[in-house]
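The listed protein sequences derive, respectively, from chains A and B.
Numbering of the first sequence is given in our numbering, commencing with residue -14 and proceeding in unit increments.
Numbering of the second sequence is given in our numbering, commencing with residue 1127 and proceeding in unit increments.
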Amino acid sequence: MSADTAAGGEPALVDRIRDYLAGQLGASAGLELRDVQRIAVGWSHETWLFDAVWSDAEGDHAVGYCLRRDPGNALLRNLSDLGVQFRVLQGLAGTGVPAPAAYFYEDDAAVLGAPFLVMEKVPGVCPSPWGRAGQQFYREAAERGVLPLDFTDALIKLHTCDWRAAGLDFLGVPGPGNDFCRREIATWKGLIEQAEIEPDPVLADTIGWLEANAPATDGRPLALVHGAYRTGNVLIHDDRVSAILDWETPVIGDPLYDVAYVLSELNREGTELLSNLVERDTFVSRYEAATGIEIDPAVCDYYHVLYAMRSAAFWMSASGLFATGRNPDLRLARTRWSVPVVLDQAARRLGY
Amino acid sequence: MLRDDELLSRIAGVLRHDVGPQVQQDFAKTQAFMAGVILDKVAGQLRHAVAHHRADRADAGALAAELQASLQPGDPASLRGSVEALHRAASSDTDPADNPADDPADTLAGDPVGGALHALVTELYAARAALGAERFDALLGRTRTALRARLDRQLAYSR
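In structure tokens, the structure reads:
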């Protein structure tokens, strides 16, 4: 297929993607893009899936690609950097962590109108855990029993990978004591400031409490932390996690930060199964046995408050993007009313 | 005559039940439904606006009075200033219910009480060491009572 309408009325862009790939792959003529699908609109980076087909002296080639472009108005603003994501994916190659292979990164906006990366199109599906169909998918997978263990194992692989050897210390390595927590609080405070939303007193209380009670992480090894590890952010193929996706907020830090997210009520609906998938006892015992890391409930409770703050920052950023005219998507405008809901979760965890 | 909130609710219903289902393109369909959801939220906010505005001010006034009585001469001046600012925000704000010419929507335009509460909480944490754990907990606890009530009011139209 040459430029057609499969990308949602963006034939010129598809042609430019084809020309770029032809140059990168040395396929000067005859490269075609097939099955072009745009799979995300507005919330985060724009994503296209397609197959590139070409022939050269070595023979015929058909390779699936995923292209993510930074529209410049994504929810996480400067926190989500495609260049950083590309380097993380590069670093993960060969570590055993299931992740797409990173192929190309281009920060020259002249090529496709905005920076973008090209990575492997990994086989699999990614049902939303919030919809009825997705919940049924995970319920049935939980009954079969393979995916819950593999979901746990993928996190174990992530937390036990040698991030220094993988060159991922460029993400920043926290110092001793509570430096990791202080860094995270500062990161999300920064997003809140960018949102240009009226200050909220419950959020101020939440941040004050987090700063005053930040736990030391010295007793645990630092790990590569995904920052949003849950169903909906992992690709599933044949009851296995074929790839961990959405590498928008990776950090070097406390592995319990990810564990707390898995344990969180935020990530399940109408079930006690973690992430709609895993029995709590199974997850905890398997994770602790494989990593040697003891899951400290008090630390996880602290991170649950931090995640509530993150959620508030996320929704404030989203509604701020709409309010300032940087993103016209009404789904962002609606998130203004999500802020009190997540602040309610924070307040309850603080005891009121 | 329809109140503003009733009008918005009806428009929301049209968007959700009549317009949205007829839209073919996925993104546009989502926008139509979302427009309905948002109008319903705004309608709810408008419906509660005057009562919530009044309750926010009353709670803030009571909180400011209690905190003023609790402060001691050696407490940080910035904390005392934030309590005074809260008192001013609670007492000087115009109540649209007292002035029929005002529109309830005016109460949504700004939130001086919220801003003053934010400043108060920030100052409390900044003064934590000076206050000592016991007084800090007591003052923050009293403040949280007001924050809880305010949050519950916001949740009435946010969920």
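Ideal Cβ positions, reconstructed from N, Cα and C, are used throughout, including at glycine.
For clarity, every value in this text was computed on a predicted model and none was experimentally measured.
- Residue 54 of chain A has A:31, A:101 as its beta-bridge partners, per DSSP.
- Residue 40 of chain A is bridged by DSSP to A:45.
- The residue from A:24, A:4, A:10 with its alpha-carbon nearest to that of residue 46 of chain A is A:10.
- The beta carbon of residue 244 of chain A lies closer than 7 Å to those of 272, 280, 285 in the same chain, with the five residues before and after it left out.
- The continuous stretches of alpha helix (DSSP H) do not include residue 91 of chain A, which lies in the beta strand (DSSP E) extending over residues 87 to 91.
- When only Cα atoms are considered, residue 1238 of chain B and residue 1249 of chain B end up about 16 Å apart.
- Note on geometry: alpha-carbon atoms of residue 1283 of chain B and residue 307 of chain A lie some 20 Å from one another.
- Under the Cβ distance rule, residue 1240 of chain B counts among the residues neighbouring chain A, one pair being separated by less than 8 Å.
- Contact between the segment 148 to 161 of chain A and the segment 227 to 240 of chain A is present: 3 or more CB-CB pairs across the two stretches fall below 8 Å.
- With contacts defined by Cβ atoms closer than 8 Å, residue 192 of chain A and residue 221 of chain A do not form a contacting pair.
- Going by DSSP, residue 237 of chain A is part of no alpha helix (DSSP H) but of the beta strand (DSSP E) stretching over 236 to 238.
- For the C-beta of residue 187 of chain A, the chain B residues within less than 7 Å are, from N- to C-terminus, 1273, 1277.
- Under the three-state reduction of DSSP output, residue 259 of chain A falls in the strand class.
- Between residue 251 of chain A and residue 259 of chain A, the gap from beta carbon to beta carbon reaches 8 Å or more.
- In this chain, residue 280 of chain A is not harboured by any beta strand (DSSP E), its DSSP state being neither H nor E.
- By the criterion of at least three beta-carbon pairs nearer than 8 Å, the segment 260 to 269 of chain A is in contact with the segment 123 to 135 of chain A.
- Listed along chain A, the residues sitting closer than 9 Å to residue 1284 of chain B by beta-carbon distance are 321, 322, 323, 324, 325, 326, 329.
- Per DSSP, residue 158 of chain A is not a residue of any alpha helix (DSSP H), being assigned neither H nor E.
- Here residue 227 of chain A is buried, its C-beta having at least 16 other C-beta atoms within 10 Å.
- With respect to the 8 Å criterion, residue 1186 of chain B and residue 1264 of chain B are not classified as neighbours on the basis of their beta carbons.
- Leaving aside the five residues that flank residue 323 of chain A on each side, the residues in its chain whose CB is nearer than 7 Å to its CB run, in chain order, 300.
- Taking 4 residues as the shortest admissible run, the segment 1141 to 1228 of chain B contains the following complete alpha helix (DSSP H) segments, listed from N- to C-terminal end: 1152 to 1196, 1203 to 1218.
- Look at residue 315 of chain A: its C-beta is under 8 Å from a C-beta on chain B.
- Note that the C-beta distance between residue 1243 of chain B and residue 1266 of chain B is not below 8 Å.
- The beta carbon of residue 75 of chain A is closer than 6 Å to those of 87 in its chain, skipping five residues each way along the sequence.
- With a cutoff of 8 Å on beta-carbon distance, residue 1143 of chain B and residue 1279 of chain B are scored as not near each other.
- Scanning A:174, A:277, A:127, A:316 for the CA closest to the CA of residue 206 of chain A turns up A:277.
- Neighbours of residue 1157 of chain B in chain A, taken as residues at a C-beta separation under 7 Å, are given in chain order as 315.
- In this structure, residue 52 of chain A sits near residue 103 of chain A, with a CB-CB distance shorter than 8 Å.
- Between residue 229 of chain A and residue 109 of chain A, the alpha-carbon positions lie close to 11 Å from each other.
- By the CB criterion at 8 Å, residue 1268 of chain B and residue 1189 of chain B fall inside the cutoff.
- At least 8 Å separates the CB of residue 169 of chain A from every CB of chain B.
- Sequence-distant partners of residue 1216 of chain B (beyond 5 residues in either direction) whose C-beta falls short of 7 Å from its own C-beta, in its chain, are 1183, 1186, 1187, 1190, 1239.
- Residue 225 of chain A: member of the beta strand (DSSP E) spanning 225 to 229, first to last residue.
- In the three-state reduction of the DSSP assignment, residue 20 of chain A falls in the strand class, which pools E and B.
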